[in-house]
Each structure stands twice: as C-alpha cells, then as structure tokens.
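Asks: The opening residue of the sequence shown carries number 312 in my numbering; numbering runs sequentially from there. The beta-carbon is built from N, C-alpha and C at its ideal position, and this holds for glycine as well.
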Amino acid sequence: MYKKSDCILLAAGRSRRMNSGISKQFMEINDKPILYYSLNSILNNEGIENIYLVLEDIYVEYCQKNIIDKWFFDSNKITIVVGGDNRQDSVYNALNIVKGKYVLIHDAARPFLTKECIDDAIKYAYEYGAASCYITSNDTIKINYNGEIKTLNRENLLVIQTPQCFEKSKLVSAYKYVKQHGIIINDESSALDLIGERTYFYLGNRFNIKITSREDIYIGESIQKVF
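Right under this line is the structure:
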C-alpha cells in the first residue's frame, strides 16, 4: 500500500534569466511544455493524492487551456493556486489550502522527475518527518570571503534538489518562523533548519536538472530522448 502525500508544484517563477516572452515552464522541450513533464510524473504517481499547481496570476487561464485541458483529461486532482511575490510566498499560499498530513514540494523547472525520486521523498518523510533529494558535486567549489578565495572539500558538499517532502505541520511551523523574521530562503529544508528540525537527505539523480537558461533547454532535449 502506497504512503500518501499531497504535492505543491511550483510554476510561478518569472524566468528573468531566459529573456523570453513567456515563463520558462511554458517553453517547450521536444514539442511539450516544460511543465507537462513534471506534472505528468506527479499525476501518474500512486502516492500523490492532491496537486496544488502554483502559477503567476497572468498564466492561470493560459495554463488551464494549453496544458491542463489539452494534455490532462483526468485533472480532478489539480487545484490551481495563485503564487506570491517570491518562492516562499508561493509555497505559503498553497500550504494554506493543502489538505493532507504530508506535502511534497517540487519545482516545475525540474521536468525530469522519476517515480523513484517521488516515492523516496514520501517514504523518508514518513520515517523522518522531512526529506530532500540531493546529488554530489563533481566540480571544485570555491568560496569568496571578502576577497579571500578558499576551496571547499567537495566530499562534504550536497547539491540540493527537489522533490522535498515534509510532515505538513513541521513545514507550516518553519514558514511561520520565516515570515515572522523576514528571512529569505531558497528551499524548504533551509526553513526547517531555522527551527531546529532535521531533514533526511537521500540520493537523487543527475537527470533531475533545473531549467534556468537557454543552454539548459538544449540539455533537456537530449535528456528527454532517453528519459
């Protein structure tokens, strides 16, 4: 029997680095919108009960017509949520209406989401209360301390990805803390760090890239052919 979770799928980013006339989640990889791929993976996962699709308000009608109605006839699991000014506001807007005890967060800009990644996120969230996938770094990473360049030991570095899955009550507490203190975070596991809650990190996969530039579109086209 599958462990169950709701899902917040974040697709409200404004894609300033793309310099395109449309948000990147609606740009195409091999004739399908980027958003299609992650939404399809999540819809077809037996562990996901409800999907809260977070969109910028100007794209709600466009997405309904050109993605949901076109590609997903059985879309009763999808609820559209209008995003906020930034990522954490978008997550918080969706958290306010999530019904389930567990919630999985994923970036729509990561189109190549495997069933294993989703299943592991939910499994470990049930076991530890919070889980996030990661990959190791193959690159040498340096850090600039006020002009002094130091090399970090990459054996100790984790490159954090989504999906991340949480016991909802823990994530709500973390987000309340973040909002009360005016803190900006880049991912949900960072919010849990701030209230002393630990996240279990499990190994993801290198196909799970984040599309942030036009070069990533070309890489994504190659990945999709073997995905």
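Between Val402 and Glu499, which are expected to be in contact by the criterion C-beta below 8 Å, what is the C-beta distance as a whole number of angstroms?
Replies: For the purposes of this step, residue 402 is taken as the residue at position 91 of the sequence shown. For the purposes of this step, residue 499 is taken as the residue at position 188 of the sequence shown. Going by Cβ atoms, the distance from Val402 to Glu499 rounds to 7 Å, so yes, they are a contact pair.
Asks: For Gly395, which option in Gly324, Ser480, Gly411 has the closest C-alpha, if you only look at C-alpha atoms?
Replies: Sequence index remark: in the sequence shown, residue 395 carries index 84 (1-based). Residue Gly324 is the option with its Cα nearest to Gly395.
Asks: Taking the runs of the beta strand (DSSP E) that are 3 residues or longer, which of them lie wholly in the region 405 to 492?
Replies: Listed in chain order, the complete beta strand (DSSP E) runs (minimum 3 residues) inside the region 405 to 492 are 413 to 418, 441 to 447, 453 to 456, 459 to 462, 469 to 478.
Asks: So, helix, strand or coil for Glu360, using DSSP?
Replies: As a first step, residue 360 must be located in the sequence shown, where it is residue number 49. The answer is strand: DSSP assigns Glu360 an E or B state.
Asks: Tell me where the beta strand (DSSP E) around Gly513 begins and ends.
Replies: In the sequence shown, the residue the question calls residue 513 occupies position 202. Here residue 513 is Tyr; the residue named in the question, Gly, does not match the sequence. Run containing Tyr513: 511 to 514, per the beta strand (DSSP E) assignment.
Asks: Can you find the residues in the same chain that come closer than 6 Å, C-beta to C-beta, to Ser448, ignoring five residues on each side of it along the sequence?
Replies: Counting from one through the sequence shown, the residue named residue 448 turns up at place 137. The answer, listed in chain order, is Arg465, Leu468, Val470.
Asks: Between Glu508 and Ala419, how many whole angstroms is the CB-CB distance? I'm expecting something under 8 Å.
Replies: Walking along the sequence shown from the start, residue 508 turns up at place 197. Walking along the sequence shown from the start, residue 419 turns up at place 108. Contact doesn't hold; Cβ gap of about 26 Å is too wide.
Asks: Can you have a look at Arg517 and say buried or exposed, based on whether 16 or more other CB atoms are within 10 angstroms of its CB?
Replies: Working through the sequence shown from its first residue, we reach residue 517 at position 206. With fewer than 16 Cβ atoms within 10 Å of its Cβ, Arg517 is classed as exposed.
Asks: If you reduce the DSSP assignment to three classes, tell me which class Asp396 lands in.
Replies: Taking the sequence shown and counting its residues from 1, the one referred to as residue 396 is at position 85. Three-state result, Asp396: coil.
Asks: By how many angstroms is the C-alpha of Met338 removed from the C-alpha of Ser352?
Replies: Along the sequence shown, one-based indexing puts residue 352 at 41. Along the sequence shown, one-based indexing puts residue 338 at 27. About 18 Å.
Asks: What is the DSSP secondary structure of Asp317, counted as helix, strand or coil?
Replies: Taking the first residue of the sequence shown as 1, we reach residue 317 at position 6. Note: Asp317 maps to strand in three-state DSSP.
Asks: Check the DSSP bridge columns for Ile340 and list the partner residues they point to.
Replies: Locating residue 340 in the sequence shown gives position 29, where the first residue counts as 1. DSSP, once it has assigned bridges, lists Lys343 as partnering Ile340.
Asks: Smallest Cα separation from Cys318: which of Phe384, Ala405, Asn519, Ser386?
Replies: Your numbering for residue 318 matches position 7 in the sequence shown. Residue Ala405 is the option with its Cα nearest to Cys318.
Asks: Compute the beta-carbon to beta-carbon distance between Pro344 and Leu415, rounded to the nearest angstrom, for a pair I have assumed lies under 8 Å.
Replies: On the sequence shown, residue 344 is found 33 positions in, with the first residue counted as 1. On the sequence shown, residue 415 is found 104 positions in, with the first residue counted as 1. Between Leu415 and Pro344 the Cβ distance is about 21 Å, and since that is not below 8 Å, they are no contact.
Asks: Take the Cβ of His492 as the centre, count every other Cβ of all protein chains shown within 10 Å, and call the residue buried at 16 or more, exposed below.
Replies: What you label residue 492 is simply residue 181 of the sequence shown in a count that begins at 1. So His492 ends up on the exposed side.
Asks: Look at the alpha carbon of Ser349 and the alpha carbon of Leu424, and state the distance between them as a whole number of angstroms.
Replies: Working through the sequence shown from its first residue, we reach residue 349 at position 38. Working through the sequence shown from its first residue, we reach residue 424 at position 113. Cα to Cα, the separation comes out at about 6 Å.
Asks: Measuring CA to CA, which of Leu346, Ile359, Lys461, Ile362 is closest to Cys374?
Replies: Counting from 1 along the sequence shown, the entry for residue 374 is found at position 63. That would be Leu346, whose Cα lies nearest to the Cα of Cys374.
Asks: Name the two residues that bound the continuous alpha helix (DSSP H) containing Arg525.
Replies: The residue you call residue 525 lines up with position 214 of the sequence shown. Residues 525 to 537.
Asks: Considering Cα atoms alone, identify which of Asp342, Ser316, Lys315 is closest to Ile528.
Replies: Sequence index remark: in the sequence shown, residue 528 carries index 217 (1-based). Among Asp342, Ser316, Lys315, the Cα nearest to that of Ile528 is on Asp342.
Asks: Using the Cα positions of Leu366 and Glu372, report the straight-line distance between them to the nearest angstrom.
Replies: As a first step, residue 366 must be located in the sequence shown, where it is residue number 55. As a first step, residue 372 must be located in the sequence shown, where it is residue number 61. For Leu366 and Glu372, the distance between alpha carbons rounds to 10 Å.
Asks: Am I right that His540 and Leu354 are in contact with their C-beta atoms under 8 Å? What's the rounded C-beta distance?
Replies: Examination of residue 540 is not possible in this model, given that the chain is present from 312 through 538 alone.
Asks: Which of helix, strand or coil does DSSP assign to Ala502?
Replies: For this step, residue 502 is matched to residue 191 along the sequence shown. Three-state DSSP puts Ala502 in a helix.
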